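Trainee: Under full-length UniProt numbering, the sequence shown has 555 at position 555, and the numbering climbs by one with no breaks.
A single structure is presented below for examination.
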Amino acid sequence: MAHLVCPIPSVPGAGTAPAVPDISLAVGDEDKSTMPATDEVVNGEANRYKPPNSILIIGSGVFGLSTALSLTRRPEIPANTAITIVDRSPEPGVFPARDAASVDSSRIIRADYADAAYAKLAGEAQAHWRRGLDDPLSLGGGGRYRESGLLLAADAGGDGATVRGDGHPTGLGYTKRSWVNALALAHAEGRPLASVRLIPTSASIARASRTGGEWADWGYLNTAAGWADADGSMRWLYDRVTETGRVAFVNGTVETLETDGDGGDDGDPRVTGARLASGDSLSADLVIVAAGAWTPSLIDLSGQAVATGQCIAYLRLTDDEQAKLAQMPICLNLTDGCFAIPPRDGVLKMARHAYGYLNPQPVSHEPLGRRCRCPTPKDSNDDMGKEPSAASASTMTTATTTRISQPRTHLTDPTLSIPAEAASDLRRAMRRMFPWPELADRPFFQTRLCWYTDTATGDWIIDYHPTYKNLFVATGGSGHAFKFLPILGDKIVDCLVGRRPKDFHLKWKWKGGVGINGSSNATTTSTTTTTTTTTASTAGEETARGDGEDVQQQARIDAANDLAVELSIATEDGSRGGKPGLILQDEMVKSGMS
């Protein structure tokens, strides 16, 4: 196992470095006994990849587009392989859709992670962002990347605890682990250790942030971090993909994945393609689902991943106000999750990296691999709860009682604004970071909900589906994938062809159950939920769900169970603010909105 090792020095101008938690600097947390000796994957995964004649990628966000670009460059992919991307974007020729998580004014580009494996990987990505900044055609050129520095900090609380009572790290714990890894990475990259400067008091944080606000108690300034124009970077990536001439783009909303029902020549079930809302179908030998927060609506990820809405707000500044912040670093408080990006073009962005909002809504079609809760026109009540056949799947009705958290965006609801709870919290954080009377009550001119695909650990899911041998899943970005744009596609294709990076051998694996024929992904995640579901199913068998009242009761039980499973997925790495378990609709009603 590789290590990043360096002493924890006294930092010039900051006094002696304080004691930090006992932290291993090993890159990766996996048990050594389970790790392959090289980058080759164990357990026969390398044998699963067969060169396809055609590939369908669902989603053109940072996962989808970066994968497409890498596929066009890799020798393992035949040059005559047809590659198609389908995206729900309603605008012809516009990819991704304008409500994708990766379409925004800015994203933080940092290698500041409590997990050293991601810190090392982010350092690799940062090298690409910095390359050729004077070249307007490079990724970071043309103003797409700006190295402003990052002031990562947290509140100490009453006791300065780095670990909560439940064993999960606090924001301060995350910050201190990240500080150690940032020093180690600076050492490994040959940068001066002074590039990672300790900022140990609220007064020094006010000075270092250039805002005058004492908005945290302990932190550090990493000058080797910055932010990217996210929208501009995605346009750059789209241009690079189209320049290859290898990738076809299709505008269309995928409703379901299509399967062959009884399997191929080897008897294993396969995904044959995707059916669109228009009624058209797209077929391929290999299907890659990289649909971001829309992925759980297509594939059963219960117990593994959930779509969460995150709040963003924008404030207009005068030229003089922006000039005052010309040297401002990114300011991120990991206790409340709130952060500010240095202003550009007279706009200051405030956002919150939080547990987020759930938006449980009925699905029109059961996600692939999930129990069907309703009979189709061709099925009887005796078939309730079984995986639908390929034939019956094409006639599925909207009577399913399954509810899954799904994105609600400005494209689906042009009147959408963030709940009052979020606006109030961002206002509080802004006043703390920028204690300027003229900004205190200035209204946000725009707000937005950005949708993450969260996993409990913050690790991504980059793996083959355990049942459908030609279905590959790349999702679970958990709000921190964008910075890896220049290398993400290569890592995804590495996993696809059986060369999973050894530091992520377990981190990126599929962690749910098989998810077919009644095997729920959630069974290994929530014992309480599983017990409740079993009781509900038994009660349902007594009535065969034939009576309308029983059907309504079962629907309520199903909805409660669905929500319980999604509530069990909360990213507990110490980086999230806000309150867990907030339901978007409830908060909208409290705000006087529907």
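All C-beta atoms in this analysis are idealised placements derived from N, C-alpha and C, irrespective of residue type, glycine included.
Computed from a predicted structure; not experimentally measured.
Thr401 and Asp300 - do their beta-carbons sit closer together than 8 Å?
Mentor: No, the Cβ-Cβ distance between Asp300 and Thr401 is not below 8 Å.
Trainee: Buried or exposed for Phe95, going by 16 or more other Cβ atoms inside 10 Å?
Mentor: By the 10 Å Cβ count, Phe95 comes out buried.
Trainee: Mapping DSSP to helix, strand and coil, what is Gly173?
Mentor: Gly173 falls in the helix class under three-state DSSP.
Trainee: Measure the alpha-carbon distance for residue 624 versus Leu237 and round it to whole angstroms.
Mentor: Outside the displayed span of the chain (1 to 594) sits residue 624, for which this structure offers no information.
Trainee: Under three-state DSSP, which class holds Thr272?
Mentor: It is a strand residue.
Trainee: Alpha helix (DSSP H) containing Arg427: first to last residue?
Mentor: Residues 420-433.
Trainee: Pull up the distance between the alpha-carbon of Leu416 and that of Glu124, whole angstroms please.
Mentor: Taking the straight line joining both Cα atoms gives about 38 Å.
Trainee: So who's on the other strand from Val196, going by DSSP bridges?
Mentor: In the DSSP output, where bridge partners are listed per residue, Val196 has Asn222.
Trainee: Taking the alpha-carbon positions, what's the Gly157 to Asp260 distance?
Mentor: Answer to the nearest angstrom: the Cα atoms are 56 Å apart.
Trainee: How many whole angstroms separate the CB atoms of Pro343 and Gln322, which I take to be in contact at a CB cut-off of 8 Å?
Mentor: That pair is a contact at about 5 Å.
Trainee: What is the C-beta distance between Ala154 and Gly171, in whole angstroms, given that I count them as a contact (C-beta under 8 Å)?
Mentor: Confirmed, about 4 Å.
Trainee: With which residues is Ser405 paired in a DSSP beta bridge?
Mentor: In DSSP, Ser405 forms a bridge with Pro360.
Trainee: Which one or two residues does DSSP pair with Cys495 in a beta bridge?
Mentor: Looking at the DSSP assignment, Cys495 forms no beta bridge with any residue, so it has no partner.
Trainee: Does the region 133-150 come close enough to the region 209-217 to have 3 or more Cβ pairs within less than 8 Å?
Mentor: Not touching, per the Cβ criterion.
Trainee: Determine, using beta carbons only, whether Asp425 and Cys338 come nearer to each other than 8 Å.
Mentor: Yes, the pair counts as a contact, with Cβ atoms nearer than the cut-off.
Trainee: Per DSSP, which residues does residue 597 bridge with? Please list them.
Mentor: Absent from the structure is residue 597, since the part of the chain shown begins at 1 and ends at 594.
Trainee: Assuming Asp104 contacts Asn222 under a Cβ cut-off of 8 Å, what Cβ separation, rounded to an integer in Å, is found between them?
Mentor: At roughly 22 Å, the Cβ-Cβ gap does not stay under 8 Å, so Asp104 and Asn222 are not in contact.
Trainee: Please list, in chain order, all residues of the same chain as Pro362 whose beta carbon is under 6 Å from its beta carbon, the five residues on each side excluded.
Mentor: Contacts found: Arg403.
Trainee: How should Ser178 be labelled, buried or exposed, when 16 other C-beta atoms within 10 angstroms of its C-beta is the threshold for buried?
Mentor: By the 10 Å Cβ count, Ser178 comes out buried.
Trainee: Cα separation between Asn561 and Pro90?
Mentor: The alpha-carbon atoms of Asn561 and Pro90 are separated by roughly 33 Å.
Trainee: Contact between the region 461-468 and the region 437-447 is defined here as three or more beta-carbon pairs at a separation below 8 Å; is this criterion met?
Mentor: Taking 8 Å as the limit for Cβ pairs, the verdict is that the region 437-447 does not touch the region 461-468.
Trainee: Could you name the residues of the same chain whose beta carbon sits closer than 7 Å to that of Thr162, not counting the 5 residues immediately before and after it, in chain order?
Mentor: Only Pro21, Pro169, Thr170, Leu172, Gly173, Lys176 meet the Cβ criterion.
Trainee: Would you decide whether Glu438 is buried or exposed? Buried here means 16 or more other CB atoms lie within 10 Å of its CB.
Mentor: With fewer than 16 Cβ atoms within 10 Å of its Cβ, Glu438 is classed as exposed.
Trainee: May I have the straight-line CA-CA distance separating Val493 from Val254, to the nearest angstrom?
Mentor: In a straight line, the C-alpha of Val493 is about 23 Å away from that of Val254.
Trainee: Could you give the DSSP three-state label for Asp229: helix, strand or coil?
Mentor: Three-state DSSP puts Asp229 in coil, outside helix and strand.
Trainee: Which residue or residues does DSSP assign as beta-bridge partners of Gly577?
Mentor: Ala354.
Trainee: Whole angstroms is fine: what's the gap from Pro329's alpha carbon to Ser204's?
Mentor: Straight-line Cα distance between these residues: approximately 14 Å.
Trainee: Whose CA, out of Ser148, Gly292, Asp159, lies closest to the CA of Asp229?
Mentor: The shortest Cα separation from Asp229 among Ser148, Gly292, Asp159 belongs to Ser148.
Trainee: In the structure shown, what three-state DSSP assignment does Thr447 receive?
Mentor: Of the three classes helix, strand and coil, the one that applies to Thr447 here is strand, per DSSP.
Trainee: CA-CA distance, Asp280 and Trp294?
Mentor: Going by the C-alpha atoms only, they are around 19 Å apart.
Trainee: Would you kindly report the start and end of the unbroken alpha helix (DSSP H) that includes residue 595?
Mentor: The structure shown does not extend to residue 595, since the chain is modelled only from 1 through 594, so no value can be given for it.
Trainee: Report the three-state DSSP secondary structure of Pro343 (helix, strand or coil).
Mentor: Correct three-state label for Pro343: strand.
Trainee: Please list the terminal residues of the continuous beta strand (DSSP E) segment that includes Ile205.
Mentor: Where Ile205 is concerned, there is no enclosing beta strand (DSSP E), although the alpha helix (DSSP H) it sits in stretches over 202-209.
Trainee: Which whole-angstrom value describes the C-beta separation of Ala290 and Gly476, a residue pair presumed to lie in contact below a C-beta threshold of 8 Å?
Mentor: With 8 Å as the limit, Ala290 and Gly476 do not qualify as a contact, their Cβ atoms being about 10 Å apart.
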